[in-house]
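In the UniProt record's numbering, the protein residues as written are 1 to 464.
C-beta atoms are modelled at their ideal positions from N, C-alpha and C, and glycine is treated no differently.
Remember, it's a predicted structure, so these values are computed and weren't measured experimentally.
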Amino acid sequence: MKRRKLFALLMTAAMAVSSMSMAVNVFAEEDTTEEAAESEEPAEGEPTAVTTVGPDDGTKYEMWSFVDLHNEFYGKMVEKWNEENPDKQIQVTFSTYPYSDMHNKLMMSLQAGSGAPDLCDIEIGQFPNYSGDDSPLYSMNDALAPYEDTMVQSRLDVYSKADGTRLGVPFHVGATVMYWNADLLESYGLDYKSVKTWDDYTKLGEELKEASNGEVYLTSVDTGGVDWMWLAMAENGEDWTGGPDGTVNVQLDSVKEMLTMQQNWLNDGIAMVSTDGHVDLEAGFSNIMDGKIASFPKAMWYMSRFKDYMPEMEGKYDITTCPVFEEGQKCSVGIGGTGTVVTNQCENPELAAEWLAWAKCSEEGENLIWNELGFDVCNTALWSDEAFAYDESNTYNTFFRVKPYEVLNELAENDAIGTVYTTKNSPTLNDYMCTTTLNNVLEDGMDVEEALQDAQDYLDFECE
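In structure tokens:
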């Protein structure tokens, strides 16, 4: 199979609990009522960090992000760019804002026609708000052209308009994998490597419960995130958004099967509910470090959490593909993402776009993304490059019991990453699932069919 075809179906999207549910064509109308402006006007947030990189005589840009590490990466790429391009020097002032503050501030400034940054990160769950026919974002088509053939196409597609105009540049694939506390499981004489299906996984949980006298759970199930549901849908080829122009339907067999299975795990004492809702919080890190849970599915970008927050787990954790309901199914889905854009208020957009595409898609940029951020990069030409993917000096290649790109290449070779879309209905859908449905089912033991019917009734009314 040709490389481009191989990766054509690698579509990813994010679990985003959004504070906004504005339509995709939010920028089509320039006039807004005073009442709407009052209800949508965010509190003026101040940046948590501001830095400027580059010479005073360079072309000046302002860039916003909601992640400090992203701006640190961009700053290094400004320095590299200026070293290599003495005739195209740039100076960028980076501002980091809290997530909601930044997205609200960006939305309002773009609607107002002034005050927006030249460049900005946009979280994938928010991106449909900016990608309609009247998008306020600059086309990245020309800037991305030199990299297009080797990039994961669906990661470019998710940050594009319906007509194919590229609007944002991705950071990572975000492939979901299974993280195992191999050290812990081996101490009980349990073989996690033979797990292929969810039935196998459940059996392992029963064995772990017996071996540990119920002191260790096989996993924790989430009430504050929908990653498990996304994985189930991807494995079964389903999508509760209905796709870009579809109708929301949460009453899918895959969702029912996953929730029922999780409810059984809880009842049987082989799983716990994730403290504070999911494992990507301090309480989740504690459960992992304390050996309270032995495994969980999460995107490959979660590797950085081990390095940054759980360094004592080095050498103890392994990474494999996820179990499936039936052998032969896809066993992964892309989770999370950030599309970086040039806005229509940028005075020198061509140079900004050229730098941005180079920073995030070139070999230089992808090396920094992998080595410092720990993201599974979108430039597939590097996946099989041993100097890039298997370098022993890379933290992630020595932290885990497997080199992460071995798993990623296995997924790619088997075309095993499924598709779940992010649409304008995703924020509403995700919010209801996380605030109501998952809690009803997993915390309160509500009947799965009944809980999903309640969710469907609500979403039929709220979604477009």
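Buried or exposed by the 16-neighbour rule on C-beta atoms within 10 Å, applied to residue 470: Residue coverage of the chain in this structure runs from 1 to 464, which leaves residue 470 outside it and unanswerable.
Beta strand (DSSP E) segment containing Tyr74, residue limits: Position 74 of the sequence shown holds residue 74. It is not in any beta strand (DSSP E) - Tyr74 instead sits in the alpha helix (DSSP H) that spans 68 to 84.
Inter-stretch contact (C-beta, 8 Å, three-pair minimum) for the region 390 to 404 and the region 184 to 192: no
Best match in Val50, Ser254, Val441 for proximity to Asn71 [C-alpha to C-alpha]: As a first step, residue 71 is located in the sequence shown; it is residue number 71 there, counting from the start. Closest by alpha carbon: Val50.
Met303 - DSSP class collapsed to helix/strand/coil: For the purposes of this step, residue 303 is taken as residue 303 along the sequence shown, with counting starting at 1. Met303 falls in the helix class under three-state DSSP.
Straight-line Cα distance separating Glu312 from Ser212: If you number the sequence shown from 1, residue 212 lands on position 212. If you number the sequence shown from 1, residue 312 lands on position 312. Distance between the alpha carbons of Ser212 and Glu312: 22 Å.
Identity of the residue in Glu79, Arg166, His103 nearest Trp64 by Cα: Indexing the sequence shown from 1 puts residue 64 at position 64. The candidate whose alpha carbon is nearest that of Trp64 is His103.
Backbone CA spacing between Leu119 and Glu84 [nearest angstrom]: As a working note, residue 119 is residue 119 in the sequence shown. As a working note, residue 84 is residue 84 in the sequence shown. Approximately 21 Å between the Cα atoms of the pair.
C-alpha gap between Tyr130 and Cys346, whole angstroms: Walking along the sequence shown from the start, residue 130 turns up at place 130. Walking along the sequence shown from the start, residue 346 turns up at place 346. C-alpha separation (whole angstroms): 16 Å.
Residue 465 - containing alpha helix (DSSP H), residue span: Absent from the model: residue 465. The displayed extent of the chain is 1 to 464, so no value can be given.
Proximal residues to Glu40 (C-beta, below 7 Å), its chain only, five neighbours per side dropped: Numbered from 1 along the sequence shown, position 40 holds the residue referred to as residue 40. Any reading at Glu40 needs caution, since the residue's pLDDT is 37, under 50, leaving its predicted position unreliable; the model's value is listed next. Contacts found: none.
Touch test, the region 326 to 340 against the region 413 to 433, Cβ-Cβ under 8 Å, three pairs minimum: yes
Distance between Thr340 and Val169 (C-alpha atoms, nearest Å): In the sequence shown, residue 169 corresponds to position 169, counting from 1. In the sequence shown, residue 340 corresponds to position 340, counting from 1. For Val169 and Thr340, the distance between alpha carbons rounds to 5 Å.
Between the CA atoms of Glu206 and Gly214 - distance to the nearest angstrom: In the sequence shown, residue 214 corresponds to position 214, counting from 1. In the sequence shown, residue 206 corresponds to position 206, counting from 1. Roughly 9 Å separates the two Cα atoms.
Separation of Gly174 from Thr301, as counted between CA atoms: Locating residue 301 in the sequence shown gives position 301, where the first residue counts as 1. Locating residue 174 in the sequence shown gives position 174, where the first residue counts as 1. With the sequence shown as reference, residue 301 is identified as Trp, and Thr is not the correct amino acid for it. Their Cα atoms are separated by approximately 6 Å.
Sufficient close CB pairs (3 or more, under 8 Å) joining the region 224 to 232 to the region 256 to 263: yes
Backbone secondary structure at Gly334 - three-state DSSP: Against the sequence shown, residue 334 aligns to sequence position 334. Correct three-state label for Gly334: strand.
Within 8 Å, strictly: CB atoms of Leu459 and Val248: Along the sequence shown, read from residue 1 onward, the residue named residue 459 stands at position 459. Along the sequence shown, read from residue 1 onward, the residue named residue 248 stands at position 248. Result yes, Cβ atoms of Leu459 and Val248 sit closer than 8 Å.
Beta-bridge partners of Arg401, as assigned by DSSP: Residue mapping note: residue 401 aligns to position 401 of the sequence shown, counting from 1. According to DSSP, which records beta bridges pairwise, Arg401 is partnered with nothing at all.
First and last residue of the uninterrupted alpha helix (DSSP H) at Glu123: Locating residue 123 in the sequence shown gives position 123, where the first residue counts as 1. Run containing Glu123: none in the alpha helix (DSSP H); it sits in the beta strand (DSSP E), 119 to 123.
Where Thr33 falls: helix, strand or coil (DSSP): Looking up residue 33 in the sequence shown gives position 33. For Thr33, the pLDDT reaches just 29, beneath the cut-off of 50, and the residue's location in the model is therefore unreliable, although a value from the coordinates is still provided. Coil.
Met1, DSSP secondary structure in three states: As a working note, residue 1 is residue 1 in the sequence shown. Summary for Met1: the model assigns pLDDT 37, below 50, so the residue's position carries little reliability, and this model does not support an answer.
From Leu382, Leu452, Leu356, residue whose alpha carbon lies closest to that of Tyr61: Here residue 61 refers to the residue found at position 61 of the sequence shown. For the residues Leu382, Leu452, Leu356, the minimum Cα distance to Tyr61 belongs to Leu356.
Which of helix, strand or coil DSSP assigns to Asp318: Here residue 318 is taken as the residue at index 318 of the sequence shown, counted from 1. Asp318: strand per DSSP, three-state reduction.
Limits of the alpha helix (DSSP H) - the one that Ser109 falls within: Along the sequence shown, read from residue 1 onward, the residue named residue 109 stands at position 109. Segment 99 to 112, the alpha helix (DSSP H) holding Ser109.
Residue 465 to Trp180 span [Cα, whole Å]: Any question about residue 465 goes unanswered here, given that the chain covers just 1 to 464.
Tyr458 (DSSP reduced to helix, strand or coil): Residue 458 sits at position 458 when you count from the first residue of the sequence shown. Tyr458 falls in the helix class under three-state DSSP.
Gln453, buried or exposed, once every other Cβ within 10 Å from all chains shown has been counted against 16: Walking along the sequence shown from the start, residue 453 turns up at place 453. Label assigned to Gln453: exposed.
Met178 - partner residues in DSSP beta bridges: Position 178 of the sequence shown, counting from 1, holds the residue named residue 178. Per DSSP, Pro297, Thr320.
Proximity below 8 Å, CB of Pro349 to CB of Lys196: Locating residue 349 in the sequence shown gives position 349, where the first residue counts as 1. Locating residue 196 in the sequence shown gives position 196, where the first residue counts as 1. No, they are not a contact pair.
Met446 versus Leu429: straight-line alpha-carbon distance, rounded: Here the question's residue 446 lines up with position 446 in the sequence shown. Here the question's residue 429 lines up with position 429 in the sequence shown. One C-alpha to the other measures close to 19 Å.
Segment limits, beta strand (DSSP E) that includes Glu62: By 1-based counting over the sequence shown, the position of residue 62 is 62. Here the beta strand (DSSP E) through Glu62 covers 59 to 65.
CB of Tyr192 within 8 Å of CB of Ser295, strictly: Translated into positions along the sequence shown, residue 192 becomes position 192. Translated into positions along the sequence shown, residue 295 becomes position 295. Yes; because the gap between Cβ atoms is below 8 Å, this pair is in contact.
Extent of the continuous beta strand (DSSP E) run through Ile288: Taking the sequence shown and counting its residues from 1, the one referred to as residue 288 is at position 288. First-last for Ile288: 282 to 289, but that is the alpha helix (DSSP H), not the beta strand (DSSP E).
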